[in-house]
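Peer 1: Just so we're aligned, residue 76 is where the sequence shown starts under the numbering used here, counting upward by one.
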Amino acid sequence: MLNIFCLICICLNYALHSSSFFFTKLPEAYAIFNPIVDFMPVIPMFILLLAFVWGCCKFSMRSLILPYKYSFLKYE
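(1) Quick one, are the C-beta atoms of Val112 and Leu101 less than 8 Å apart?
(2) Which runs of the alpha helix (DSSP H) at least 4 residues long sit entirely within the segment 96-126? Give them in chain order.
(3) Using the C-alpha atoms, what's the distance from Phe114 back to Val123?
(4) Where Ala126 and Pro110 are concerned, what is the direct C-alpha to C-alpha distance, given to the nearest angstrom?
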């Protein structure tokens with residue numbers, strides 16, 4: 076148990092002290108990609124938002140259209 080606790084402490088210590096890693100600059104050869112690299116962490120949030128909106132739209136369209144147009148179809 077002590078070994079697991081020590082491992083967790085080491086990982087937390089490393090994570091806290093390496094936070095400056097996220098604020099480093101790109102090398103000069105890749106400076107043109109700076110705007111893209113700044114925007115990249117937000118992309119997964121947009122994908123999750125798109126999936127949520129897609130699911131909501133799909134559910135609402137099914138509940139709006141099916142009772143009137145396809146009343147012979149039964150969904151459980």
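Glycine included, each C-beta is placed from N, C-alpha and C at the ideal position.
Peer 2: Quick look at the numbers:
(1) Here residue 112 refers to the residue found at position 37 when the sequence shown is read from its first residue. Here residue 101 refers to the residue found at position 26 when the sequence shown is read from its first residue. Pairing Val112 with Leu101 gives a Cβ-Cβ distance under 8 Å.
(2) Qualifying alpha helix (DSSP H) stretches, in chain order: 109-114.
(3) In the sequence shown, counting from the first residue as 1, residue 123 sits at position 48. In the sequence shown, counting from the first residue as 1, residue 114 sits at position 39. Val is not the amino acid found at residue 123; the sequence shown has Leu there. Cα to Cα, the separation comes out at about 16 Å.
(4) For this step, residue 126 is matched to residue 51 along the sequence shown. For this step, residue 110 is matched to residue 35 along the sequence shown. So the two alpha carbons sit approximately 25 Å from each other.
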